[in-house]
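One structure is given below, encoded as structure tokens.
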Amino acid sequence: RPSIISRSEWGANAPKSTLRNLAEEPAPFVIIHHSATDSCTTRAICQARVRSFQNHHMNQKGWNDIGYNFLVGEDGNIYEGRGWGKHGAHSTPYNSKSIGICMIGNFVGHNPSAAAIKAVKDLIEYGVTLGKIQENYTLLGHRQTTSTSCPG
């Protein structure tokens, strides 16, 4: 079981309203994003980044909560976003049938750290074990779902 830093641990605000459940569960898709920001290599910096993403999503974009189900830092930690089984705001038209994982950093020119890649793999395997992700899931990079430079 991978260690997942809970919303309360990273200092999340409560969602504006109750988050919808996924229309399809276990989720048939896993969507990988990057934040297109500086990466983070310590838990303290990663937690601050996650809080800033939540604030941006809720205050500037007007969403109910942070858009992603989970986020992963180059520190190798997994941060709970909306969590398992929740409808995301990360990749139309997949929001109702996917788990969205954001890798914190800009990975157009280089790959994420080995620790971050391992954390994503461990999280997906754990989701399958829990019955939250289908065993035969499809893994997509964000740019495979919509027109974006996000490599996923």
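All letters in the sequence shown, in the order written, are residues 1 to 152 by UniProt numbering. Note that CB positions come from ideal geometry on N, CA and C, so glycine has one too. Model, not experiment: these values are computed from the prediction.
Give the straight-line distance between the Cα atoms of N136 and P28, rounded to the nearest whole angstrom.
-> Between N136 and P28, the C-alpha separation is close to 7 Å.
Segment contact, 8 Å Cβ cut-off, at least three pairs: the segment 58–66 with the segment 110–127 = With fewer than three CB-CB distances shorter than 8 Å, the segment 58–66 does not count as touching the segment 110–127.
For L22, does the three-state DSSP call read helix, strand or coil?
-> Looking at L22 - three-state DSSP - the assignment turns out to be coil, as it is neither helix nor strand.
Are R49 and T37 close, meaning C-beta to C-beta below 8 Å?
-> For R49 and T37, yes; Cβs fall inside 8 Å.
Pick out whichever of L139, Q134 and V120 has its Cα sitting closest to the Cα of R1.
-> Comparing Cα positions, the closest option is V120.
Between the C-alpha atoms of I32 and G11, what's the straight-line distance to the nearest angstrom?
-> Each residue's Cα considered, the two are about 23 Å apart.
Are the C-beta atoms of F29 and some chain C residue less than 8 Å apart?
-> Included in the structure is just one protein chain, with no chain C present.
Can you check the segment 16–98 for any alpha helix (DSSP H) of at least 4 residues that lies completely inside it and give the ranges in chain order?
-> Listed in chain order, they are 43–55.
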